[in-house]
Structures are given as structure tokens and as C-alpha cells.
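There are 2 protein chains.
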Amino acid sequence: MYNCPMYSKELLKGTLKTIVLKLLSEQGKMYGYEITQHVKSATAGKVLLTEGALYPTLHKLEAEGFLRTEKITFGGRIRKYYHLTDSGKSAAITKINEFEEFIDTMKFIFNSKLSIESK
Amino acid sequence: MYNCPMYSKELLKGTLKTIVLKLLSEQGKMYGYEITQHVKSATAGKVLLTEGALYPTLHKLEAEGFLRTEKITFGGRIRKYYHLTDSGKSAAITKINEFEEFIDTMKFIFNSKLSIESK
DNA sequence: AATTATACATAAGATAATTATGTATTTAAA
DNA sequence: TTTAAATACATAATTATCTTATGTATAATT
Chain V
133 MYNCPMYSKE LLKGTLKTIV LKLLSEQGKM YGYEITQHVK SATAGKVLLT EGALYPTLHK
193 LEAEGFLRTE KITFGGRIRK YYHLTDSGKS AAITKINEFE EFIDTMKFIF NSKLSIESK
Chain U
133 MYNCPMYSKE LLKGTLKTIV LKLLSEQGKM YGYEITQHVK SATAGKVLLT EGALYPTLHK
193 LEAEGFLRTE KITFGGRIRK YYHLTDSGKS AAITKINEFE EFIDTMKFIF NSKLSIESK
């Protein structure tokens with residue numbers, strides 16, 4: 133099976149924490165594998181999170197107190213669900229704002245009309 | 133003197149080559165220090181390129197055949213001007229498209245309305 | 001029976017940045 | 001006038017973040 137190659141690997145650097153916090157803030161709880169599949173399907177295979185990047189990031193966010201975990205056995209396999217803590221919710225808001233600010237700032241370099249409107 | 137802190141340091145990772153190629157494609161020729169000042173003023177101090185990142189990147193782009201250089205003495209100091217080569221012009225177009233594609237893809241994760249229109 | 005999908009995890013290596021340091025000239029300020 | 005700041009280049013050490021590879025294990029599909 134071929135994976136659609138992703139053009140923007142380098143650009144994705146630094147966005148992983150933001151993506152995780154954003155998804156958890158809208159989905160409530162997710163487990164690691166679910167996050168990879170969600171992102172894959174939401175981006176039509178253009179963004180493929182690797183486990184080697186995702187799991188250490190989840191552990192780091194947990195160590196920073198932004199996430200708490202809950203282990204659930206489902207269909208004979210263990211799922212480790214991640215939820216946002218209160219400080220995780222603040223961090224999510226901050227990170228999402230930073231991302232939008234980043235896009236907003238980049239338009240001054242790329243001087244094309246990149247606009248952000250809330251949903 | 134204080135520098136306005138930049139929110140998006142991590143997000144900027146991977147964008148430096150794209151920024152350099154974009155600026156050279158619109159400005160024709162620039163020297164390193166000029167690039168740092170241009171980006172600083174264009175983003176109101178939000179994006180501050182460090183020399184430790186910029187100079188090695190310029191050297192790498194030159195080694196890849198995307199840039200050619202021209203040394204000019206101006207006001208007692210040496211300026212090293214960088215220009216795009218033909219392959220550099222192609223690379224610039226590719227990188228800029230990739231960046232816009234990246235933004236376009238991220239909207240599916242952040243499901244807010246991030247739109248790109250050419251100027 | 002073997003492969004793919006689900007589900008976790010970590011280690012080695014690569015890449016790209018930050019931070020620190022270095023040289024040198026010109027201009028502005030104390 | 002001497003010091004600091006701005007201009008202009010460069011590189012080395014360190015840190016951060018990612019990819020790639022590897023490992024374990026169960027369930028579902030071929």
C-alpha cells in the first residue's frame with residue numbers, strides 16, 4: 133500500500149504539540165493510535181504522524197501536567213486515553229492562538245492574503 | 133533594549149529556507165544582514181532570524197545550487213549579496229507552493245477558515 | 001498460516017534550530 | 001574620547017524535534 137507523500141514534513145516541525153492539544157480540546161479524550169488515524173483521515177493522508185514522534189510528545193505533555201491518562205481495555209487491547217487537565221486547557225488555547233498568530237505573521241512575509249476566521 | 137518576544141519560535145522551524153527563497157524571489161538580491169532586518173521590520177519584530185540559523189542556511193542553499201553570491205564593499209564593510217539561480221527560482225516556487233499547501237492542510241486539523249488568495 | 005491492523009513503547013541517528021563566541025568596521029552616544 | 005551600538009560576516013557547541021528502526025502484543029483479515 134502506498135502512502136500519499138507529504139510535501140510539508142519540514143513545515144510540520146513544531147506543530148505536533150499544538151495539533152495534539154487542539155484535537156484533545158475538541159474531542160475530549162483520545163488515545164495515541166486514534167490521534168494518528170484522525171489526523172491521517174482529516175488531511176486525506178497528507179499528514180502522517182509517526183509513533184516515534186507522537187508517543188514521546190504525549191509523554192512529555194503528560195509530564196508537563198497538561199494531560200492526564202486513563203487506561204481502558206477494549207477488544208482485548210489496551211487503549212491509553214489522554215485528556216486535557218485544567219492547565220492543559222489553558223495551554224491548548226495558548227498554542228492554538230500562537231498558531232493562528234503565526235499564520236497571521238507569515239502573511240507579512242509572504243504578503244498574500246492569508247485570513248483566519250473563527251469557525 | 134528589549135526585543136519583542138516571539139510567540140511562534142517552534143512553529144517557525146522548517147520555514148527558514150522558504151522565507152529566504154521567497155524574499156530573494158521578490159527582492160532580486162539581498163545580503164544576510166538585510167534579510168534579518170527585512171523580516172524583523174516586516175513582522176514588527178515578531179520574527180527575529182538568528183545569524184546562527186541564517187548564515188548556515190544561506191551557505192547550504194548556495195551549495196545546493198539555488199543561490200549565487202556577489203561580494204560588494206559598501207561603506208567600508210563587505211556585503212555578500214545572494215541571488216537566485218535558475219534552479220533556485222524553481223525551488224522558490226516549489227517551496228512557496230508547499231507552504232501554502234501546508235496552511236491549506238492545517239485548516240483540516242484546525243477546522244477554522246484559513247484561506248489563501250494570491251495577491 | 002501469514003499478513004495487516006490495532007496499540008503501546010523506546011533507542012539510534014538525522015536535521016535544524018538556539019546560544020555562544022569570534023572577527024572587524026562604522027556610527028552614535030556618553 | 002572612549003564606549004556602546006549597529007552593521008556585516010562566520011562557526012562551534014548544544015539542544016530540540018523529528019525520522020527510522022526496532023520491539024512487544026492482540027485481533028482481524030486474507
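Sequences listed follow chains V and U, in order. Residue numbering for the first sequence follows our numbering, starting at 133 and increasing by one per position. Residue numbering for the second sequence follows our numbering, starting at 133 and increasing by one per position. Glycine included, C-beta positions come from ideal geometry on N, C-alpha and C. Since this is a predicted model, take the numbers as computed values, not measurements.
Are the Cβ atoms of residue i and residue j separated by less than 7 Å?
| i | j | result |
| --- | --- | --- |
| residue 212 of chain U | residue 221 of chain U | no |
| residue 174 of chain V | residue 240 of chain U | yes |
| residue 216 of chain V | residue 156 of chain V | yes |
| residue 161 of chain U | residue 237 of chain V | no |
| residue 214 of chain V | residue 199 of chain V | yes |
| residue 234 of chain U | residue 181 of chain V | no |
| residue 189 of chain U | residue 148 of chain U | yes |
| residue 145 of chain V | residue 141 of chain U | no |
Which residues in chain V sit within 7 Å of residue i, going by Cβ to Cβ distance?
| i | result |
| --- | --- |
| residue 174 of chain U | 240, 241 |
| residue 237 of chain U | 140, 175, 178, 179 |
Among the options, whose alpha-carbon lies nearest the alpha-carbon of residue i?
| i | options | result |
| --- | --- | --- |
| residue 223 of chain V | V/197, V/234, V/243 | V/197 |
| residue 229 of chain V | V/218, V/141, V/153 | V/153 |
| residue 206 of chain U | U/227, U/163, U/219 | U/163 |
| residue 227 of chain V | U/227, U/242, U/225, U/226 | U/242 |
| residue 98 of chain V | V/185, V/210, V/184, V/194 | Beyond the ends of chain V as shown, which are 133 and 251, falls residue 98 of chain V; an answer cannot be given. |
Exercise for the section: Determine contact between the segment 155 to 169 of chain U and the segment 152 to 170 of chain V, defined as no fewer than three beta-carbon pairs at a distance below 8 Å. Expected result: no
Practice task
Quick one: which residues of the segment 143 to 162 of chain U get their C-beta closer than 9 Å to a C-beta of chain V? List them in chain order.
Solution key: 143, 144, 145, 146, 147, 149, 150, 151, 154, 155, 158
Problem - Chain-ordered residues of the segment 200 to 226 of chain U with a beta carbon less than 8 Å from chain V - result: Against chain V - using a Cβ distance shorter than 8 Å - the segment 200 to 226 of chain U contributes no residues.
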